[in-house]
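Under my numbering, the first residue of the sequence shown carries the number -2, and numbering increases by one thereafter. Beta carbons are placed, not taken as given, at the ideal position from N, Cα and C, and that holds for glycine. Structure, as structure tokens:
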Amino acid sequence: TNPMPPVPVPLVELTSPPLSELVRVTNKESLNLYAERLGMRFARERTGQEGYTALRTALAAELLRRGVPSKDLRPVDGSGLSRYNLATPRGMARVILTSLQEPYGAALVDSLPVLGVDGTLAGRPTTQATAGRVRAKTGTLTGQKCFVGVAERPNDVEHPRVVFALMLGNMDEGTKPNANETFDVFSTALVELPLH
């Protein structure tokens, strides 16, 4: 008789953090490599394949489901680094707005950097009104800066939370005010000024 083959013993076992934690780290620290890998995971789950063609197909279908027209948002990668990505502020804001209606909406908001507190917005100045009330994902390419997120307005019964997208172009070095200073003023206005 042949002896039974030895039972394989795992040498190493790795457990991934929950997806919400991976998204949190990705958004807080703006980790483009993580964003690319999360995009490929999304493509694989939706199409059964990885790669940029599969990712574009999966993202286009998801955006269509959410009612975001391709003229407003046409991503080609997971990180947003490609100059072939096309986006309007309306398209980006619509993604946040529709995400808030999904089961993971609260986790997404929690993953966004908090103005003056953590992530890519940690070093930004705050006022008493904006402290802890503005969360935004930042995006930067040469001469371009984008802030997309939510602002809490605790004194506004009609609009207690607003979704925003601020895209700044032609912000070359030396432009005054610079993109971050513009965002600081914009953030204060979002929280303090009345909305009509």
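- Put simply, the stretch 74 to 81 touches the stretch 29 to 39. At least three CB pairs are less than 8 Å apart.
- Within the model, the alpha-carbon separation for P110 versus K134 is close to 6 Å.
- Linking K142 to V154 through their CA atoms gives a straight-line distance of about 31 Å.
- Partner residues in the beta bridge of G146, as assigned by DSSP, are A133 and F161.
- K25 counts as buried, since no fewer than 16 other beta carbons sit within 10 angstroms of its beta carbon.
- Take T23, set aside five residues on each side of it, and the residues of its chain with a beta-carbon closer than 7 Å to its own are Y31, A32 and L35, in chain order.
- DSSP places A84 within a strand segment (E or B) once states are collapsed to three.
- Collapsing the DSSP output to three states places V111 in a strand.
- At the C-beta level, A162 and V145 come within 7 Å of one another.
- L190 carries a coil assignment under DSSP once its states are collapsed to helix, strand and coil.
- Residue ranges of uninterrupted alpha helix (DSSP H) with 4 or more members, entirely inside the stretch 42 to 67 and ordered along the chain, are 49 to 63.
- Residue D169 holds the alpha-carbon nearest to the alpha-carbon of T139 among V92, D169, P3 and P122.
- The DSSP-derived three-state label of R38 is helix.
- In the three-state reduction of the DSSP assignment, L70 falls in the strand class.
- Assigned with DSSP and collapsed to three states, L11 falls in coil, not helix or strand.
- Between A57 and the set V92, F183, V182 and P2, the nearest pair of CA atoms involves V92.
- Cβ atoms of G113 and A128 come within 8 Å of each other, at about 6 Å.
- For L138, the secondary structure class from DSSP, reduced to helix, strand or coil, is strand.
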